[in-house]
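Novice: Those letters in the sequence shown? Residues 1 to 308, per UniProt numbering, in order. Note that CB positions come from ideal geometry on N, CA and C, so glycine has one too.
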Amino acid sequence: MSPSVFRFAPSPNGHLHLGHALSALLNARAASATGGRFLVRIEDIDQTRCTPQLEAELLEDLAWLELEYERPVLRQSEHFADYAKALARLEAMGLVYRGYLTRAEIRRHVEAEDRAGRLWPRDPDGAPLYPRDDMVLTADELAARAASDAPYALRLDMARALSLAGQDLTWRECPSEVPRDGAVPSNWNVPEIVPADPGAWGDVVLARKDTPTSYHLSVVVDDARQGITDVLRGRDLYAATSVHRLLQSLLDLPEPSYRHHRLILGEDGRKLSKSRQDTGLRALREAGWNLARLRAAIDVFDPLGVFS
Numbered sequence: 001m002s003p004s005v006f007r008f009a010p011s012p013n014g015h016l017h018l019g020h021a022l023s024a025l026l027n028a029r030a031a032s033a034t035g036g037r038f039l040v041r042i043e044d045i046d047q048t049r050c051t052p053q054l055e056a057e058l059l060e061d062l063a064w065l066e067l068e069y070e071r072p073v074l075r076q077s078e079h080f081a082d083y084a085k086a087l088a089r090l091e092a093m094g095l096v097y098r099g100y101l102t103r104a105e106i107r108r109h110v111e112a113e114d115r116a117g118r119l120w121p122r123d124p125d126g127a128p129l130y131p132r133d134d135m136v137l138t139a140d141e142l143a144a145r146a147a148s149d150a151p152y153a154l155r156l157d158m159a160r161a162l163s164l165a166g167q168d169l170t171w172r173e174c175p176s177e178v179p180r181d182g183a184v185p186s187n188w189n190v191p192e193i194v195p196a197d198p199g200a201w202g203d204v205v206l207a208r209k210d211t212p213t214s215y216h217l218s219v220v221v222d223d224a225r226q227g228i229t230d231v232l233r234g235r236d237l238y239a240a241t242s243v244h245r246l247l248q249s250l251l252d253l254p255e256p257s258y259r260h261h262r263l264i265l266g267e268d269g270r271k272l273s274k275s276r277q278d279t280g281l282r283a284l285r286e287a288g289w290n291l292a293r294l295r296a297a298i299d300v301f302d303p304l305g306v307f308s
């Protein structure tokens with residue numbers, strides 16, 4: 001039987017924080033306890049925000065956490081051709097279209113619908129679903145944007161995708177944590193079968209004019225390429241699993257087991273975020289913290305003692 005393969009997949013668009021430490025250490029502990037493999041993937045498709053310096057600092061943070069992982073790491077920026085191939089396959093199936101609406105146009109349309117009492121649907125993260133362009137723009141406006149090669153997003157036609165994949169998609173949700181003694185829980189590979197609801201996300205973005213892939217597309221391609229058997233990640237991505245299962249079905253990619261761990265929340269009850277300048281591992285290290293102090297500080301979020 002092949003060993004389990006786990007991965008930690010950060011983006012070098014800011015410094016890692018305590019939530020990233022939790023995810024990385026949970027993956028490393030699970031791989032060690034099961035005799036599996038532990039990989040690190042650099043998700044750097046955003047070539048504007050992701051920089052070599054931030055990547056180097058990210059790897060320094062992982063070294064500080066004393067993580068052992070296989071080399072070389074996979075960098076998404078080196079595999080754009082693979083994402084383009086997957087996108088072309090979806091296009092050949094008639095599942096991709098150009099969406100030209102700007103964020104401002106979407107916002108104005110949604111606000112008008114809400115004011116009229118026709119509450120616009122939102123996705124599981126609370127963002128409004130994308131309206132079809134012809135609901136907002138005239139035929140002449142659409143033709144003008146296409147002729148001028150205006151900015152666009154390549155979106156998945158969700159209704160058509162569901163008609164091809166069927167309505168019975170599910171995923172396997174398994175436990176996410178191994179206790180401090182390294183004993184694999186008896187229910188470790190006993191899944192809860194979760195119904196997938198990709199339609200709740202509407203016509204998701206697969207790529208943009210200036211970005212050759214999106215998180216949703218690249219993550220399923222990469223998990224298949226690296227032979228990931230167990231996707232162990234934060235609970236904030238639980239609902240997004242529905243989209244990933246749909247893309248795996250459409251692209252004939254293998255289905256891993258999913259394990260969504262609890263989140264570390266800030267004092268305001270929200271998850272930690274790079275964009276909100278939450279305390280990062282690098283800042284803690286520069287302030288004189290060592291790994292033992294980090295583990296002690298995070299222990300309140302860690303009832304099973306993963307960090308002990």
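Identify whether T211 lies in helix, strand or coil by the three-state DSSP scheme.
Specialist: Along the sequence shown, read from residue 1 onward, the residue named residue 211 stands at position 211. If DSSP states are grouped into helix, strand and coil, T211 belongs with the strands.
Novice: Please name the residue in H20, H15, A30 and H17 whose C-alpha comes closest to that of P179.
Specialist: Sequence index remark: in the sequence shown, residue 179 carries index 179 (1-based). Ranking the options by Cα distance to P179, first place goes to A30.
Novice: With a CB to CB cut of under 7 Å and the five nearest residues on each side skipped, what residues in its chain are close to E111?
Specialist: To locate residue 111, count along the sequence shown from 1; it is residue 111. Contacts found: none.
Novice: If you draw a straight line from the C-alpha of A159 to the C-alpha of L284, how long is it?
Specialist: Taking the sequence shown and counting its residues from 1, the one referred to as residue 159 is at position 159. Taking the sequence shown and counting its residues from 1, the one referred to as residue 284 is at position 284. So the two alpha carbons sit approximately 47 Å from each other.
Novice: By how many angstroms is the C-alpha of L253 removed from the C-alpha of A143?
Specialist: Residue 143 sits at position 143 when you count from the first residue of the sequence shown. Residue 253 sits at position 253 when you count from the first residue of the sequence shown. Approximately 36 Å between the Cα atoms of the pair.
Novice: Between which two residues does the alpha helix (DSSP H) harbouring S242 extend?
Specialist: Here residue 242 refers to the residue found at position 242 of the sequence shown. S242 -> alpha helix (DSSP H) spans T241 to L250.
Novice: Thinking I228 and P198 are a contact (beta carbons under 8 Å), I'd like their distance in whole angstroms, please.
Specialist: The residue you call residue 228 lines up with position 228 of the sequence shown. The residue you call residue 198 lines up with position 198 of the sequence shown. Between P198 and I228 the Cβ distance is about 20 Å, and since that is not below 8 Å, they are no contact.
Novice: At which residues does the beta strand (DSSP E) containing T51 begin and terminate?
Specialist: Counted from its first residue, the sequence shown places residue 51 at position 51. Unbroken run through T51: none, as it is neither H nor E.
Novice: Quick check on A153: does DSSP put it in helix, strand or coil?
Specialist: Translated into positions along the sequence shown, residue 153 becomes position 153. A153: strand per DSSP, three-state reduction.
Novice: Near T241, what residues of its chain come up, given a Cβ to Cβ distance below 6 Å and the 5 sequence neighbours on each side ignored?
Specialist: In the sequence shown, the residue the question calls residue 241 occupies position 241. Only W171 and Y258 meet the Cβ criterion.
Novice: Please name the residue or residues paired with E177 in a DSSP beta bridge.
Specialist: Indexing the sequence shown from 1 puts residue 177 at position 177. BP columns for E177 are empty, so no partner.
Novice: To the nearest angstrom, report how far apart N290 and G280 are at their CA atoms.
Specialist: Taking the first residue of the sequence shown as 1, we reach residue 290 at position 290. Taking the first residue of the sequence shown as 1, we reach residue 280 at position 280. Answer to the nearest angstrom: the Cα atoms are 13 Å apart.
Novice: Rounded to the nearest angstrom, what separates L62 and D133 at their Cα positions?
Specialist: Residue numbering aside, residue 62 sits at position 62 when the sequence shown is read from its first letter. Residue numbering aside, residue 133 sits at position 133 when the sequence shown is read from its first letter. L62 and D133: Cα-Cα distance of roughly 44 Å.
Novice: Between the alpha carbons of V194 and P12, how many angstroms are there, rounded?
Specialist: In the sequence shown, the residue the question calls residue 194 occupies position 194. In the sequence shown, the residue the question calls residue 12 occupies position 12. Cα to Cα, V194 sits roughly 31 Å from P12.
Novice: In this structure, how does DSSP classify I42 when only helix, strand and coil are distinguished?
Specialist: By 1-based counting over the sequence shown, the position of residue 42 is 42. Note: I42 maps to strand in three-state DSSP.
Novice: In this structure, how does DSSP classify D222 when only helix, strand and coil are distinguished?
Specialist: As a working note, residue 222 is residue 222 in the sequence shown. Helix, per DSSP.
Novice: So does L142 have its beta carbon nearer than 7 Å to some heavy atom of the ligand NAP?
Specialist: As far as ligands go, the structure on display features none, and thus does not contain the ligand NAP.
Novice: What did DSSP end up calling P256 once you bin it into helix, strand or coil?
Specialist: If you number the sequence shown from 1, residue 256 lands on position 256. If DSSP states are grouped into helix, strand and coil, P256 belongs with coil.
Novice: What does DSSP give as the partner residues of Y97 in its beta bridges?
Specialist: Indexing the sequence shown from 1 puts residue 97 at position 97. Beta-bridge pairing links Y97 to R155.
Novice: If you draw a straight line from the C-alpha of H216 to the C-alpha of V73, how long is it?
Specialist: Here residue 216 refers to the residue found at position 216 of the sequence shown. Here residue 73 refers to the residue found at position 73 of the sequence shown. Roughly 20 Å separates the two Cα atoms.
Novice: Could you spell out where the alpha helix (DSSP H) holding E141 opens and where it closes?
Specialist: In the sequence shown, counting from the first residue as 1, residue 141 sits at position 141. A139 to A147 is the span of the alpha helix (DSSP H), which, as asked, contains E141.
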